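*Asks:* Residue numbers (the working numbering), protein chains in the order written: chain W, 25 to 205; chain E, 25 to 205.
Number of protein chains: 2
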Amino acid sequence: MSKVDRRILKSQEAIKNAFIQLMTQKSLDDITIQDISDTANVSRGTIYLHYLDKFDLLDKLIEEHIYELREICESASDEDFRSANVPWFEYLENNYLFFSTILASKGAPSFRNQFVEFLIEEFKDEVDVTEGKNHGLNEDVILQFIVTSYVGIVEWWITNGMPYPPHVMAEQVGILLERNL
Amino acid sequence: MSKVDRRILKSQEAIKNAFIQLMTQKSLDDITIQDISDTANVSRGTIYLHYLDKFDLLDKLIEEHIYELREICESASDEDFRSANVPWFEYLENNYLFFSTILASKGAPSFRNQFVEFLIEEFKDEVDVTEGKNHGLNEDVILQFIVTSYVGIVEWWITNGMPYPPHVMAEQVGILLERNL
DNA sequence: AATGATTTGTTTATTAATGAACAAATTGTG
DNA sequence: CACAATTTGTTCATTAATAAACAAATCATT
Numbered sequence: 025m026s027k028v029d030r031r032i033l034k035s036q037e038a039i040k041n042a043f044i045q046l047m048t049q050k051s052l053d054d055i056t057i058q059d060i061s062d063t064a065n066v067s068r069g070t071i072y073l074h075y076l077d078k079f080d081l082l083d084k085l086i087e088e089h090i091y092e093l094r095e096i097c098e099s100a101s102d103e104d105f106r107s108a109n110v111p112w113f114e115y116l117e118n119n120y121l122f123f124s125t126i127l128a129s130k131g132a133p134s135f136r137n138q139f140v141e142f143l144i145e146e147f148k149d150e151v152d153v154t155e156g157k158n159h160g161l162n163e164d165v166i167l168q169f170i171v172t173s174y175v176g177i178v179e180w181w182i183t184n185g186m187p188y189p190p191h192v193m194a195e196q197v198g199i200l201l202e203r204n205l
Numbered sequence: 025m026s027k028v029d030r031r032i033l034k035s036q037e038a039i040k041n042a043f044i045q046l047m048t049q050k051s052l053d054d055i056t057i058q059d060i061s062d063t064a065n066v067s068r069g070t071i072y073l074h075y076l077d078k079f080d081l082l083d084k085l086i087e088e089h090i091y092e093l094r095e096i097c098e099s100a101s102d103e104d105f106r107s108a109n110v111p112w113f114e115y116l117e118n119n120y121l122f123f124s125t126i127l128a129s130k131g132a133p134s135f136r137n138q139f140v141e142f143l144i145e146e147f148k149d150e151v152d153v154t155e156g157k158n159h160g161l162n163e164d165v166i167l168q169f170i171v172t173s174y175v176g177i178v179e180w181w182i183t184n185g186m187p188y189p190p191h192v193m194a195e196q197v198g199i200l201l202e203r204n205l
């Protein structure tokens with residue numbers, strides 16, 4: 025793992041922060057590369073050095089968060105759902121600005137898709153149709169059921185301003201997961 | 025006026041902010057260049073690209089604030105002392121972190137000297153010993169009297185946590201100045 | 001549809017920042 | 001004092017960021 029030049033990290037950090045900030049102010053369509061370079065205090069060309077266009081930037085932004093969530097999942101894979109969910113919702117809470125903005129923006133479908141895809145991967149190994157409560161049921165159906173409800177709950181929680189604290193959400197969702205897996 | 029590369033401004037900004045932040049945490053003697061480069065997130069060599077050493081950095085930092093104060097003076101030179109003083113104390117208030125830190129640090133004497141020198145320049149033309157209330161008095165004595173008291177008041181105001189708002193200080197000091205000039 | 005302005009994406013030469021290495025100076029501890 | 005560790009200040013080759021210019025595409029407005 026060769027270490028990265030700090031200039032790269034600083035530029036990308038500035039660009040991403042500027043982009044999120046702009047997303048809270050105007051629609052994705054109205055954000056220009058010039059806007060981003062202005063608020064990031066970075067040369068316009070620098071943005072093209074790291075991203076193809078603003079959609080690529082948005083994708084990479086989403087990808088990074090998905091990556092972080094995956095990391096969290098892996099480091100808590102041996103706990104029960106209720107406690108494993110806590111760092112999950114805490115991460116969402118810590119990055120509330122990003123998630124609420126992305127869900128309210130035109131980037132929402134893109135985010136939703138990546139989110140669903142990620143969750144399917146994560147839950148795939150948890151489904152057991154050979155024995156237990158789900159014996160005889162269809163694997164894909166259960167998977168889709170779980171993932172869709174999970175995404176729905178997260179979307180609801182975020183767009184409604186996080187009406188309950190993370191640990192309550194973790195508890196509630198944990199119970200629902202255990203009931204169905 | 026050739027415009028400056030934004031990289032220069034960004035680096036210097038990061039370095040100066042890191043330095044001020046470190047000054048609030050430890051003594052000037054205990055601050056290393058490595059400390060500064062770490063908290064500024066800048067290569068150690070970059071600091072030497074802009075400053076000779078930490079004392080030079082401190083000097084330049086002071087110099088810049090003196091320069092700003094001089095600008096304020098010039099843009100308000102035709103008003104009476106009471107109103108001309110307002111932006112003065114407001115500037116001190118806005119940069120409270122810097123001024124309080126510098127006055128509490130080992131850099132205080134250096135700051136005080138530059139401050140005195142600057143004030144002498146500013147008040148030099150205001151003293152009139154040919155007529156009026158100061159007729160017959162010694163110019164240097166009056167100048168020293170005014171400047172010393174001004175510095176003393178500012179030091180007191182800053183180190184005591186700005187017990188009165190800027191406009192009150194401006195009013196009070198304005199009256200005292202008009203009484204003596 | 002015409003046209004004028006903005007935005008895009010790319011290229012260019014130049015410059016600042018980087019990390020590493022290094023010897024010298026300074027510091028702190030036994 | 002001695003000696004180890006840290007800090008300093010400098011050098012170097014490499015790399016990322018920069019501003020400017022440009023044609024092409026997109027956008028508004030008439």
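Virtual Cβ for every residue (Gly too), placed ideally from N, Cα, C.
Small disclaimer: the values here were computed from a predicted structure and weren't measured.
1) Any beta carbon of chain W sitting closer than 8 Å to that of N65/E?
2) Output the residue ranges of the alpha helix (DSSP H) runs that lie fully inside the stretch 88-133 of chain W and measure 4 residues or longer, sorted by chain position.
3) With DSSP collapsed to three states, give me the class of V207/E.
4) With 16 other CB atoms within 10 Å as the buried threshold, where does G131/E fall?
5) Can you name the start and end residues of the alpha helix (DSSP H) that V175/E belongs to?
6) Nearest by alpha-carbon distance to Y72/E: which of Q196/E, E103/E, H89/E and S35/E is it?
7) Please compile the residues from chain E whose C-beta is within a distance smaller than 8 Å of the C-beta of K40/W.
8) Please say whether H74/W and I39/W have beta carbons closer to each other than 8 Å?
9) Need the endpoints of the alpha helix (DSSP H) that K40/E sits in, please.
10) Against K148/E, what residues of chain W qualify as contacts under a CB-to-CB distance less than 9 Å, listed in chain order?
11) With three or more C-beta pairs closer than 8 Å as the rule, is the stretch 74-90 of chain W touching the stretch 122-142 of chain W?
12) Give a yes or no on contact between the stretch 111-126 of chain E and the stretch 164-172 of chain E, applying the rule of three or more CB pairs nearer than 8 Å.
13) Does DSSP put H159/W in a helix, a strand or coil?
14) Can you check whether the C-beta of K130/W is within less than 8 Å of a C-beta belonging to chain E?
15) Is S51/E helix, strand or coil when you go by DSSP?
16) Who are the neighbours of K241/E on chain W, taking C-beta pairs under 8 Å?
17) Could you check what DSSP says for V153/W in three-state terms: helix, strand or coil?
18) Is K27/W helix, strand or coil by DSSP?
19) Taking a contact to mean a Cβ-Cβ separation below 8 Å, would you say G198/W touches N65/W in this structure?
20) Are I57/E and A42/E close, meaning C-beta to C-beta below 8 Å?
21) Only counting the same chain, and skipping five residues up and downstream in sequence, which positions put a Cβ closer than 6 Å to that of L201/W?
22) Nearest to S124/E by alpha carbon, out of N158/E, D62/E and Q49/E?
23) Span of the alpha helix (DSSP H) holding P190/E?
24) When you compare the CB of R30/E with every CB in chain W, is at least one pair closer than 8 Å?
25) Going by other Cβ atoms of all chains shown within 10 Å of its Cβ, with 16 needed for buried, is H159/W buried or exposed?
26) What did DSSP end up calling L73/E once you bin it into helix, strand or coil?
27) Buried or exposed for L143/E, please, with buried defined as at least 16 other CB atoms from any protein chain shown within 10 angstroms of its CB.
28) On the CB-based measure, 16 or more other CB atoms within 10 Å of its CB, does I32/E come out buried or exposed?
29) If you measure between the beta carbons of L205/W and E155/W, is that distance less than 8 Å?
*Replies:* From the atom records:
1) Yes, contact with chain W.
2) If we require 4 residues or more, the alpha helix (DSSP H) runs fully inside the stretch 88-133 of chain W come out as 105-118 and 120-128.
3) A question about residue 207/E goes unanswered here, because the residues of chain E that appear run from 25 up to 205.
4) Looking at its Cβ environment, which holds 16 or more other Cβ atoms inside 10 Å, G131/E is buried.
5) In this chain, the alpha helix (DSSP H) harbouring V175/E covers E163 to T183.
6) Minimum Cα-Cα distance from Y72/E among the listed residues Q196/E, E103/E, H89/E and S35/E corresponds to S35/E.
7) The CB of K40/W never comes closer than 8 Å to any CB in chain E; the least such distance is about 16 Å.
8) A contact, by the Cβ cut-off of 8 Å.
9) Run containing K40/E: R30 to M47, per the alpha helix (DSSP H) assignment.
10) Per Cβ cutoff of 9 Å: no residues; K148/E is ~40 Å from chain W at best.
11) Touching, yes, given that three or more Cβ pairs across the two stretches are closer than 8 Å.
12) Between the stretch 111-126 of chain E and the stretch 164-172 of chain E there are fewer than three inter-stretch CB-CB distances shorter than 8 Å, so the stretches are not counted as touching.
13) Three-state DSSP puts H159/W in coil, outside helix and strand.
14) For K130/W, the answer is no, since every Cβ of chain E falls outside 8 Å of its Cβ.
15) In this structure, S51/E counts as coil in the three-state DSSP scheme.
16) With chain E running from 25 to 205 in the structure shown, residue 241/E is simply not present.
17) If DSSP states are grouped into helix, strand and coil, V153/W belongs with coil.
18) Under the three-state reduction of DSSP, K27/W is assigned to coil, being neither helix nor strand.
19) No, the Cβ-Cβ distance between G198/W and N65/W is not below 8 Å.
20) Contact flag unset, no.
21) The answer, listed in chain order, is F105.
22) Its Cα nearest to that of S124/E, the residue Q49/E stands out among N158/E, D62/E and Q49/E.
23) Taken as a continuous stretch (DSSP letters only), the alpha helix (DSSP H) holding P190/E covers P190 to N204.
24) Closer than 8 Å: yes.
25) H159/W is classed as exposed because its beta carbon has fewer than 16 other beta carbons within 10 Å across all chains shown.
26) When secondary structure is reduced to three states using DSSP, L73/E falls in the helix class.
27) Classification for L143/E: buried.
28) Classification for I32/E: exposed.
29) Result no, Cβ atoms of L205/W and E155/W do not sit closer than 8 Å.
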